[in-house]
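Heads up: the sequence shown begins at 1 in UniProt numbering, then just goes up one per residue. Cβ coordinates follow ideal geometry from the N, Cα and C atoms, glycine included. Computed from a prediction, not measured in an experiment: that's the story for all the values here. Scroll down for the structure; my scribbles are underneath it.
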Amino acid sequence: MLDTTEKLMTIQDKLNAISQRLDAEQNLLTDRYENLKKLQRLDAERIYDESCSACYKQRSFLRELIDRQSFYAQCVKLITLFSIAVAHLIYMQPFLDAYSAMEDYSNRIIYKYPNQPTYHGLDTRVLKKQFDVLDNYKKNVWMTIGTMCVALSTSCFFLFILPITNIKKCHLVLMRIIDIIAFAALTALLLTRSLCVENFEPSLSTALISAQKLAPADRLMNTLQCSIHFRENLSFCSEVIAKSVFPSFLIKYLLVLAILTLAYLLLAYIIDWCIKHWIPHAKEQTEKKSYNKTYIPVYLPATTPGHAYPKSGRLIHA
Numbered sequence: 001m002l003d004t005t006e007k008l009m010t011i012q013d014k015l016n017a018i019s020q021r022l023d024a025e026q027n028l029l030t031d032r033y034e035n036l037k038k039l040q041r042l043d044a045e046r047i048y049d050e051s052c053s054a055c056y057k058q059r060s061f062l063r064e065l066i067d068r069q070s071f072y073a074q075c076v077k078l079i080t081l082f083s084i085a086v087a088h089l090i091y092m093q094p095f096l097d098a099y100s101a102m103e104d105y106s107n108r109i110i111y112k113y114p115n116q117p118t119y120h121g122l123d124t125r126v127l128k129k130q131f132d133v134l135d136n137y138k139k140n141v142w143m144t145i146g147t148m149c150v151a152l153s154t155s156c157f158f159l160f161i162l163p164i165t166n167i168k169k170c171h172l173v174l175m176r177i178i179d180i181i182a183f184a185a186l187t188a189l190l191l192t193r194s195l196c197v198e199n200f201e202p203s204l205s206t207a208l209i210s211a212q213k214l215a216p217a218d219r220l221m222n223t224l225q226c227s228i229h230f231r232e233n234l235s236f237c238s239e240v241i242a243k244s245v246f247p248s249f250l251i252k253y254l255l256v257l258a259i260l261t262l263a264y265l266l267l268a269y270i271i272d273w274c275i276k277h278w279i280p281h282a283k284e285q286t287e288k289k290s291y292n293k294t295y296i297p298v299y300l301p302a303t304t305p306g307h308a309y310p311k312s313g314r315l316i317h318a
């Protein structure tokens with residue numbers, strides 16, 4: 001009986017050990033399964049967060065791109081102004097030399113023959129008509145330069161002053177109106193100049209030949225290093241004067257560039273207005289303020305009981 005009881009107890013212990021081992025393995029598998037589910041959940045959350053972050057970044061980029069259309073329009077306007085300024089820099093000095101020579105020659109003819117026509121029956125105003133076109137061209141050049149200065153000033157206002165200064169809405173609207181008017185005037189001046197060039201070039205050679213019959217053009221030819229009639233190794237004066245003004249193709253190119261820039265500028269202002277008034281939950285741009293911290297030394301006396309006057313003091317910054 002004792003042997004049987006001991007055997008049964010041994011078997012029971014073995015069964016308990018096996019049961020404990022199975023429970024441990026089951027707990028281990030359960031832990032592994034829970035860890036696997038946790039990893040899968042973390043991976044799913046990470047993928048979702050990454051997709052949401054990518055979508056948010058894309059939306060933020062598009063929103064920022066739309067919000068900064070006014071800034072980009074001003075940058076495009078600066079590029080256009082730079083192109084027009086370079087063209088004027090190249091052609092300005094030759095044109096001023098040609099204009100000065102033509103002015104002197106035209107005034108000498110008018111001074112010599114104040115009456116029209118001469119006793120020979122020649123028209124003394126034949127060169128004056130061409131010089132008037134050249135004079136209108138010169139006025140157009142200076143008006144264009146002045147308009148470019150105004151447009152450049154408005155660009156500096158929008159790019160450098162507006163981001164760091166508090167500006168009233170009415171003043172901002174006024175500056176935008178001035179900006180559009182200035183650039184529209186620049187476009188109109190370029191269009192007018194193209195008409196001046198088209199009216200100036202065809203009959204210039206004939207006018208110079210007719211004017212030479214009235215007064216010698218030696219000073220004009222020496223100044224411009226040219227000849228009215230054909231001479232070897234010398235260009236025609238009409239060609240030299242015509243080359244000193246803007247070519248027709250260059251004016252047309254600058255005119256198209258100015259029109260496109262003006263259209264983009266108008267579109268940028270319209271987009272900015274629509275964002276502020278029509279799109280819900282549109283955050284208005286917060287205007288940055290610059291503050292200068294002023295540090296003022298303050299002397300605080302440290303008094304000691306029993307003394308009428310302070311013994312020592314310290315400096316602090318207020």
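Asked                                                                                                                                                     : Found
Comparing C-alpha positions only, which one of Cys226, Ile275 and His277 sits nearest to aspartate 97?                                                    : Cys226
Check for me: the alpha helix (DSSP H) holding phenylalanine 200 runs from which residue to which?                                                        : 169-200
Tell me which residue opens and which closes the alpha helix (DSSP H) that glutamate 239 is part of.                                                      : 237-244
Where histidine 88 and leucine 162 are concerned, what is the direct C-alpha to C-alpha distance, given to the nearest angstrom?                          : 30 Å
Is glutamine 212 buried or exposed, if buried means 16 or more other CB atoms sit within 10 Å of its CB?                                                  : buried
Taking the continuous alpha helix (DSSP H) assigned at leucine 220, which residues delimit it?                                                            : 218-224
I'd like the list of long-range same chain contacts for serine 290, defined as Cβ closer than 7 Å, with 5 residues on each side in sequence excluded.     : Low confidence applies here, because serine 290 scores a pLDDT of 42, under 50, leaving its location unreliable and the question unanswered by this model.
Taking the beta carbon of alanine 17 as the centre, do at least 16 other beta carbons fall within 10 Å, making it buried, or is it exposed?               : exposed
Could you give the distance in angstroms between the alpha-carbon of valine 133 and the alpha-carbon of asparagine 199?                                   : 8 Å
Would you mind stating whether valine 240 and tyrosine 137 have Cβ atoms separated by less than 8 Å?                                                      : no
Can you list, in chain order, the residues of its chain whose CB lies under 8 Å from that of leucine 250, leaving out five sequence neighbours each side? : Ala87
Taking only the alpha-carbon atoms, compute the straight-line gap between leucine 15 and leucine 22 and give it to the nearest angstrom.                  : 10 Å
Does DSSP put serine 203 in a helix, in a strand, or in coil?                                                                                             : coil
State the beta-bridge partners of serine 227 as determined by DSSP.                                                                                       : Phe236
Buried or exposed: tyrosine 72, going by 16 or more other Cβ atoms within 10 Å of its Cβ?                                                                 : exposed
Are the region 97-109 and the region 166-182 touching, with three or more C-beta to C-beta distances below 8 Å?                                           : no
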